[in-house]
Amino acid sequence: MYINKTRKIKEIIGKVLSEKGFEYIRCESGIVWTFGRKVGEVEQEVYIQQHTRFDKEYKLMMWSSAKGQGMCEIGDIIPDYKGKEYWKAETDKEFEDLMIFFSRIIKEKGFDVLDEMLAEQPDTFETPERKKYFKEHRKDLIEKYDAIYHILSMDSKQDQLKKIDEVLWDNRQANDIPEEQEKVYDLLLGMAAIVTEIAIEKEGVEIDYDGWRVEVKYPISVLNFWPIFVVVQAWLDYHIDGDRNALGVWSMLRMSIRE
0 MYINKTRKIK
10 EIIGKVLSEK
20 GFEYIRCESG
30 IVWTFGRKVG
40 EVEQEVYIQQ
50 HTRFDKEYKL
60 MMWSSAKGQG
70 MCEIGDIIPD
80 YKGKEYWKAE
90 TDKEFEDLMI
100 FFSRIIKEKG
110 FDVLDEMLAE
120 QPDTFETPER
130 KKYFKEHRKD
140 LIEKYDAIYH
150 ILSMDSKQDQ
160 LKKIDEVLWD
170 NRQANDIPEE
180 QEKVYDLLLG
190 MAAIVTEIAI
200 EKEGVEIDYD
210 GWRVEVKYPI
220 SVLNFWPIFV
230 VVQAWLDYHI
240 DGDRNALGVW
250 SMLRMSIRE
């Protein structure tokens, strides 16, 4: 007779997690068991995941909805397990022992990590200082970089977005010299400023400088986007992947910024 995995997970993992207000939510596809809690506005979940239905190996994951947080695994919090993702448990006894091991990790390390993950994590590029600079110098950045690249004079908004992609591609290289890095950072803010200028030509569109990230807001919220984030992500893709055809800015914003 095979072990009832759901019952055993609820018995071992659930008992420990209940100490911090977690409740069992569901089992998805017979291989992902989820526990959750809500603290204020932040939702957190803990998962036990079997690799596949056929592979008897498992991992523990923790997730937080707090901005700047995300998914965390054992290897992220315990250096000895860095790079290790799954643990084998081929027999019922090995499965029970593994759940006890996971429960001990949760109790000894996981609860502290989950408490830390309740707080928003500042964006590594879009720091409060850069957001303040962007707010105070947005017009200056537009004037400086549009004088060089002549983006806003182009007739089509779609072409304007593609031109920004071209500028990011042409400036995709970076080195470790601080002065050169600052030039790239300033260029990224300049392109983000031009993106906002393209967007706010449409009636009812506003820029919110005071959220977690600078955000362009539309009357229809599904069109909202983070201009600095979009530009930085596109530049990173060009810098790391070297794919000229990605058109990162255009592909991320073509539905929000229309003619």
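When you line the sequence shown up against numbering that gives the first Met the number 0, it's residues 0 to 258, in that order. Ideal Cβ placement from N, Cα and C applies to all residues, glycine included.
{"Check": "Close Cβ partners of alanine 173 (< 8 angstroms) along its chain, the five nearest in sequence each way excluded", "Outcome": "Glu179, Gln180, Val183 and His238"}
{"Check": "In chain order, each alpha helix (DSSP H) run of at least 4 residues that lies wholly inside the segment 110–175", "Outcome": "110–115, 127–148 and 156–169"}
{"Check": "Residue of Lys66, Gly39 and Lys108 minimising C-alpha distance to isoleucine 76", "Outcome": "Lys108"}
{"Check": "Nearest-angstrom Cα separation, counted from leucine 16 out to asparagine 3", "Outcome": "19 angstroms"}
{"Check": "Limits of the unbroken beta strand (DSSP E) element including glutamine 68", "Outcome": "No beta strand (DSSP E) holds glutamine 68; DSSP gives it neither H nor E."}
{"Check": "Assigned secondary structure, glutamate 211 (DSSP; H/G/I helix, E/B strand, else coil)", "Outcome": "Reading off the sequence shown, one finds tryptophan at residue 211, where the question assumed glutamate. If DSSP states are grouped into helix, strand and coil, tryptophan 211 belongs with coil."}
{"Check": "Extent of the continuous beta strand (DSSP E) to which lysine 37 belongs", "Outcome": "31–38"}
{"Check": "Check whether isoleucine 197 and lysine 161 have beta carbons under 7 angstroms apart", "Outcome": "no"}
{"Check": "DSSP bridge partner residues for lysine 216 (one or two, in chain order)", "Outcome": "Glu205"}
{"Check": "Leucine 186 in three-state terms, based on DSSP", "Outcome": "helix"}
{"Check": "Rounded distance between the beta-carbons of glycine 247 and aspartate 314, thought under 8 angstroms", "Outcome": "Nothing can be reported for residue 314: it is not among the residues displayed for the chain, which extend from 0 to 258."}
{"Check": "Glycine 203 versus Tyr1, Ile193, Pro218 and Gly189, residue with shortest Cα-Cα distance", "Outcome": "Pro218"}
{"Check": "Validate contact between the segment 84–96 and the segment 104–120 using beta carbons, cut 8 angstroms, 3 pairs", "Outcome": "no"}
{"Check": "Segment contact, 8 angstroms Cβ cut-off, at least three pairs: the segment 61–68 with the segment 117–128", "Outcome": "yes"}
{"Check": "DSSP state of isoleucine 193 mapped onto helix, strand, coil", "Outcome": "helix"}
{"Check": "Cβ-based burial, valine 213 [other Cβ within 10 Å; buried from 16]", "Outcome": "buried"}
{"Check": "Cβ-Cβ distance between isoleucine 30 and arginine 52 below 7 angstroms", "Outcome": "yes"}
{"Check": "Glutamine 49 versus alanine 191: straight-line alpha-carbon distance, rounded", "Outcome": "42 angstroms"}
{"Check": "Simplified DSSP assignment, three categories, for tyrosine 237", "Outcome": "helix"}
{"Check": "From Glu72, Arg253 and Leu187, residue whose alpha carbon lies closest to that of tryptophan 234", "Outcome": "Leu187"}
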